[in-house]
Every structure is written in structure tokens, then in C-alpha cells.
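K.L.:
In the working numbering, the protein residues as written are 1 to 528. Cβ coordinates follow ideal geometry from the N, Cα and C atoms, glycine included. Below: one structure in C-alpha cells.
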Amino acid sequence: MPTSLGYSYNERDPIAQMTDGAATHMFGYNAMDQITSLNEIAHPGLGGATHAFSYDDLQRLTSEAHTNQPPQSFTYDQVGNRTNAPNGSTPSYTANNRLMSYNGMSFTYDLNGNRESQTSAVGTNVYSYDNENRLINVLLPDSTMIQYKYDALGRRVERSRNGGASWERYSYDRANVIKDTRSDGVTVEYGNGLWADDKLWQKTNTSSAQFFTVDHLGSTRALTDENGATINSWSYEGFGKDVANSSIRFGYAGREGDVETGLMYYRARFYDPVIGRFLSEDPVGLIGGINFYSYVSNDPLNSLDPSGLGEIDTHYYLTYYLVKKHPCFSEVDAKTIANADQGVDEDPATMPGFKNPYANEHYHALHSFSHTKYLKDLWSNMNQAGSRDIALSRFGVYLHYLQDTYNHSGFVNSWVGHGLLGHLPDKSASRPEKSLQSAFAVWDALNKFARERGFCGANMTQDMLLRIKIFIKIPGGNGWQENALSGIDSKGVNGVLDALMNGIMNGFYKTDPSYLYRKREILDIRPR
Numbered sequence: 001m002p003t004s005l006g007y008s009y010n011e012r013d014p015i016a017q018m019t020d021g022a023a024t025h026m027f028g029y030n031a032m033d034q035i036t037s038l039n040e041i042a043h044p045g046l047g048g049a050t051h052a053f054s055y056d057d058l059q060r061l062t063s064e065a066h067t068n069q070p071p072q073s074f075t076y077d078q079v080g081n082r083t084n085a086p087n088g089s090t091p092s093y094t095a096n097n098r099l100m101s102y103n104g105m106s107f108t109y110d111l112n113g114n115r116e117s118q119t120s121a122v123g124t125n126v127y128s129y130d131n132e133n134r135l136i137n138v139l140l141p142d143s144t145m146i147q148y149k150y151d152a153l154g155r156r157v158e159r160s161r162n163g164g165a166s167w168e169r170y171s172y173d174r175a176n177v178i179k180d181t182r183s184d185g186v187t188v189e190y191g192n193g194l195w196a197d198d199k200l201w202q203k204t205n206t207s208s209a210q211f212f213t214v215d216h217l218g219s220t221r222a223l224t225d226e227n228g229a230t231i232n233s234w235s236y237e238g239f240g241k242d243v244a245n246s247s248i249r250f251g252y253a254g255r256e257g258d259v260e261t262g263l264m265y266y267r268a269r270f271y272d273p274v275i276g277r278f279l280s281e282d283p284v285g286l287i288g289g290i291n292f293y294s295y296v297s298n299d300p301l302n303s304l305d306p307s308g309l310g311e312i313d314t315h316y317y318l319t320y321y322l323v324k325k326h327p328c329f330s331e332v333d334a335k336t337i338a339n340a341d342q343g344v345d346e347d348p349a350t351m352p353g354f355k356n357p358y359a360n361e362h363y364h365a366l367h368s369f370s371h372t373k374y375l376k377d378l379w380s381n382m383n384q385a386g387s388r389d390i391a392l393s394r395f396g397v398y399l400h401y402l403q404d405t406y407n408h409s410g411f412v413n414s415w416v417g418h419g420l421l422g423h424l425p426d427k428s429a430s431r432p433e434k435s436l437q438s439a440f441a442v443w444d445a446l447n448k449f450a451r452e453r454g455f456c457g458a459n460m461t462q463d464m465l466l467r468i469k470i471f472i473k474i475p476g477g478n479g480w481q482e483n484a485l486s487g488i489d490s491k492g493v494n495g496v497l498d499a500l501m502n503g504i505m506n507g508f509y510k511t512d513p514s515y516l517y518r519k520r521e522i523l524d525i526r527p528r
């Protein structure tokens, strides 16, 4: 039988140790709760390894040292572009942060900012995109053509070679793959946990089940059999490159690797772990920050971006804090609920967006009707759950809609949503009074959930209230100031336009990548 997964924590809540019964990971941290050391006691017969990491004042990874792989160092410019390369050369960029040369490679881009070609000593890769800027073809130097297809929700559903000579097709449960079907007749089924990229086991139609051993990021470190014996293991560089360049379907951060192209599929776009950047611009545009290609603000050991989009200060961190501080819920409950809350924005079936009226209306409170029926339906769906874990996940979905009744008030068109303002309405400082009301509403919902199940109820403490108020007033990561959307309640559409123009004129070029660290520090919680 597979072994169980266990955690222990230090006094500030970061994970001090992870173990699955046969493999153990021990962590050390700096004052910002960033991992500075990792000691791996691996599965029998594989040996262990130690790793050390350092960071600059903006919490960006600057060095990594390992016992079983070469060390690396990184330097950056003010907007997060790397300024050094392994061969000693200096990377070059355009004014809009498009990488033009790196470590003996050169790059070109199309008019939409998508990487169009990559040339190195072995030849040229050519990339093609559809009209939604999704990667659809990669032509490799040996003339192999890799092709991708997507469904109506934007999920990748097929990968093929050379016009369909061989292919893999993917079936989904919301954001997670549950089955691969291949042209050679092999099928692979997957068991998933409660949140995105939480693979538990896999089983082909020709073999017995294999079980995933993962690290704190969800990266696959080993596959074991039903007796706990190791089948294979993997190690990664800081930005996710598989050290052995081996084939692993779900690898770094639980995302999907492609051994032929060297890329990783991050839902909204593809990621290049060799250079630690996305191939395409962030679909949310300037709302996501001024560097459209940056990966997790260059803090890959402590942060995740499962959707290739990002934005988690309220729907994950504040929710996590409130649940964690409520005496009727456990640390595990807090993670389950917060991941489900944030997952509404990451799941292709429920994420908001232009021309997605059903999701905008039913999950993000973007409509002109009364919210009562929608909240009642989500609460009823939660109460019909077959287990407490499922109920907690559905409770997180309920909380997302509840929070959005405050965050999105004034946005009443289910087709447009909050449109060009991207993630701005979800940033707590945009309308502090709404954010505080939202926090009180979440606390009331926690009491209701607990009391209906015969647990307990509790009042918010003065220390909690003070921390929440400070958290709320820290501006978002791209320079938006407190009360950026305050005019919407009195000016309606004109208030939205005022906020957009104010951001264009004053906010977009004042990116402060440390804002999430300051917000987490206020709540005294570690990265997701």
C-alpha cells in the first residue's frame, strides 16, 4: 500500500519537514519565510541531497548550491530580467522586456509578444499561435512538428506529432487531467487531490498503480509502487528544469512537461524552465505587473503560478488567515478552503473573463441580479457533499462568490465582467471599506458553517482586526494606490474609466514585487 504523507511545522507555520514514510524533506528559512536550505533524505537506494539558496532584497532567488548538481547564480535588473547567463554572457532585452539573447541562444517575437523562434547551436525552433495567443505548433530543428489543440474552456486536450502520426488526448475534471489516451492504445488514469496540480496516483491499462511523492511545491520527486518501493525519481533546478532531462508527465510544481520541446504547459501559456520565463505575455496585461514574462517574481522555491496568471492576495491569503485563526477549523482545513477559493480563478471552467457570462455570473457575482439565490445555491451544493473534505472545498467556492459580492460591486455586465481592469477589483486596497466588509462576511460564514455542524463559534480578536486592516491597505503589486476604485460606487462606469486612466498614468510603472511579502508578513503566514 502507498505510504501516508505527513507534515511538521515550525513556530511561524512554514513547513519544517515533509515525509511520506520513505522520503523526508527538511527545510530551513530566512526571516521572510523563504527556503534557504533543503535536506532530502531520499528513498532507499537513491541517496540523499542537500541544497542551499540565497535571495536579494527583493526576495528574488540569487544562488542555489547542491550536492548532486552544479551551482547556479542569478542577477536581475529593476524589473526582474536576468542580467547574467551560465556561459558568462550578458542577456539582452527590448524595452518591453522581450528576451533577445541568452546563453548562446537568440529569440524573435511576433507582433503580440509571443516567442516566434529560438536559435541555438543545434538549430532553430519555430513557434506558432492561434488568434488567442495559445501555442499550437512547435517545429523542431529535426523537422519534427509538435501540435496542440484546446477545448472551448482553453484547456489543452491534444498533443500530436507530425500531423497526427502519434498523439495523446487529455480528459479533465475541471482544471485537472484525469485520463490520457494515446494513439498506441495505452491509457493512463490519474487520481487527484482537492486542489489543482495535486496528483496522487497514476495507473495505465497495462500496469499497476504508481503513487506520487511530491515536495512543498507539488513537484514530483518520485514514483513508488504499492509497496512503497521507488520506481523512479527526479531533481530540479531552482526554476524548474529537470536535471536529468528525463520524461515526466507531471513534474516541476505539478505542471505538465514536454521533453521534446523542453517547455511546460501552465494553462494560460507555456513556460521555459531553462531561462525561467514564459514564452508569451501575461494575458491579464499590465494588471499582472510591468514584466509580462516573469515567473513568480523570480521566487520559484516559495511561490506558485498554476494558471500562468497569478493574483492571490485576497482569495487565498486573507481567506487562509481567517480560517486558520478560527478555532473551529484546522491548519489543513485552512489550506483546503483557501485553495478552493483561489481555485475558482484558476480553473478554466470557472475563471472569469470576457464573453464568459456563466462563470462571471455564477462564480464571480458579476451581474445585476440579487445575490441571494446564487449564495443559497452554492451553500446547498456544499451541504450535499459526500464528505467533509468535499464540503470544505465547496465552502471555498461559496466564499469566493461571497467575497466577490463586495470586490465586484458596481460591475453588473456578465459578458464584460470587470474587463480591462483585470485583477484590480480583487486587490484589497482598491476599495478598503469593501475589503473589510468582505472579511467580516467571511468570518460570519465560518461561524455559520461550524455551528450548523455542531462545532463552535468565535469572535474576531482585536489583533486579527488590526492585522486585517493593515493587510487591506497595502497596495497591489503594480502600483495601484489605496481607494483606486472608490469612485465606482458613486460614478458607475465613469468611475471605472477614471480608475483605468489613473492606473495607466500613475500605476503601471511602479511595480513593487515585494508587496505580497509585506502582506504575508502582516498576517504572519508563509507563501502558498
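By the three-class DSSP mapping on this structure, what secondary structure does M382 have?
P.N.:
Of the three classes helix, strand and coil, the one that applies to M382 here is helix, per DSSP.
K.L.:
How about T36 and A49: do their beta carbons lie closer than 9 Å?
P.N.:
no
K.L.:
If Y55 and Q69 are in contact, beta carbons under 8 Å, what's the gap, nearest whole angstrom?
P.N.:
Actually they do not touch by this definition, with Cβ atoms about 19 Å apart.
K.L.:
So, using beta-carbon positions, are N291 and N81 closer together than 9 Å?
P.N.:
yes
K.L.:
For P141 and Q210, I'd like the C-alpha separation in whole angstroms.
P.N.:
Rounded to the nearest angstrom, the gap between the Cα atoms of P141 and Q210 is 35 Å.
K.L.:
Rounded to the nearest angstrom, what separates E158 and L279 at their Cα positions?
P.N.:
19 Å
K.L.:
Please state the DSSP three-state secondary structure of T108.
P.N.:
T108 carries a strand assignment under DSSP once its states are collapsed to helix, strand and coil.
K.L.:
How many Å lie between I402 and S438 at the Cα?
P.N.:
Residue 402 is actually Leu in this sequence, not Ile. If you take the alpha carbons of L402 and S438, they lie about 7 Å apart.
K.L.:
Tell me the DSSP secondary structure of T336 in three-state form.
P.N.:
helix
K.L.:
Looking at C-alpha atoms only, which residue of F455, H51 and K473 is the closest neighbour of Y236?
P.N.:
H51
K.L.:
Please confirm whether R156 and R255 have their CB atoms less than 9 Å apart.
P.N.:
The Cβ atoms of R156 and R255 lie no closer than 9 Å to each other.
K.L.:
Cβ of L516 within 9 Å of Cβ of I248?
P.N.:
No, the pair does not count as a contact, with Cβ atoms beyond the cut-off.
K.L.:
Going straight from the alpha carbon of D463 to that of P306, what length do you get?
P.N.:
Going from the Cα of D463 to the Cα of P306 covers about 32 Å.
K.L.:
Using only the alpha-carbon positions, how far apart do R520 and Y320 sit?
P.N.:
11 Å
K.L.:
Do three or more CB pairs link the stretch 434-450 to the stretch 398-414 at distances below 8 Å?
P.N.:
yes
K.L.:
Indicate the three-state DSSP secondary structure (helix, strand or coil) for V214 in the structure shown.
P.N.:
strand
K.L.:
Quick one: Cα of F270 to Cα of M460, how far?
P.N.:
42 Å
K.L.:
Take E40 and list the residues in its own chain whose beta-carbon comes closer than 6 Å to its own, dropping the five residues that flank it on each side.
P.N.:
H25, G48 and A49
K.L.:
According to the Cβ coordinates, are A253 and L194 closer than 9 Å?
P.N.:
no
K.L.:
Measuring alpha carbon to alpha carbon, tell me which of I470, R277 and M32 ends up nearest L436.
P.N.:
I470
K.L.:
Identify whether A365 lies in helix, strand or coil by the three-state DSSP scheme.
P.N.:
Coil, per DSSP.
K.L.:
Out of E452, K473, F449 and S414, which has the shortest C-alpha to C-alpha gap to E433?
P.N.:
K473
K.L.:
Express the C-alpha separation of R98 and N298 in angstroms, rounding to a whole number.
P.N.:
16 Å
K.L.:
Starting from the C-beta of D198, find all residues in its chain whose C-beta is less than 8 Å away, skip the five residues before and the five after it, and write them out in chain order.
P.N.:
N176, N192, G218 and G254
K.L.:
Which of the three DSSP states is assigned to L523 in this structure?
P.N.:
helix
K.L.:
Secondary structure at Y190, three-state DSSP: helix, strand or coil?
P.N.:
strand
K.L.:
Whose C-beta lies closer than 7 Å to the C-beta of Y102 among residues of the same chain, with five residues either side of it excluded?
P.N.:
A85, P91 and I275
K.L.:
What's the C-alpha gap between D173 and L153?
P.N.:
12 Å
K.L.:
Measuring only the C-alpha atoms, how far is Y293 from T19?
P.N.:
34 Å
K.L.:
Mapping the DSSP letters down to three states, classify Y358 as helix, strand or coil.
P.N.:
In the three-state scheme derived from DSSP, where H, G and I count as helix and E and B as strand, Y358 is classed as helix.
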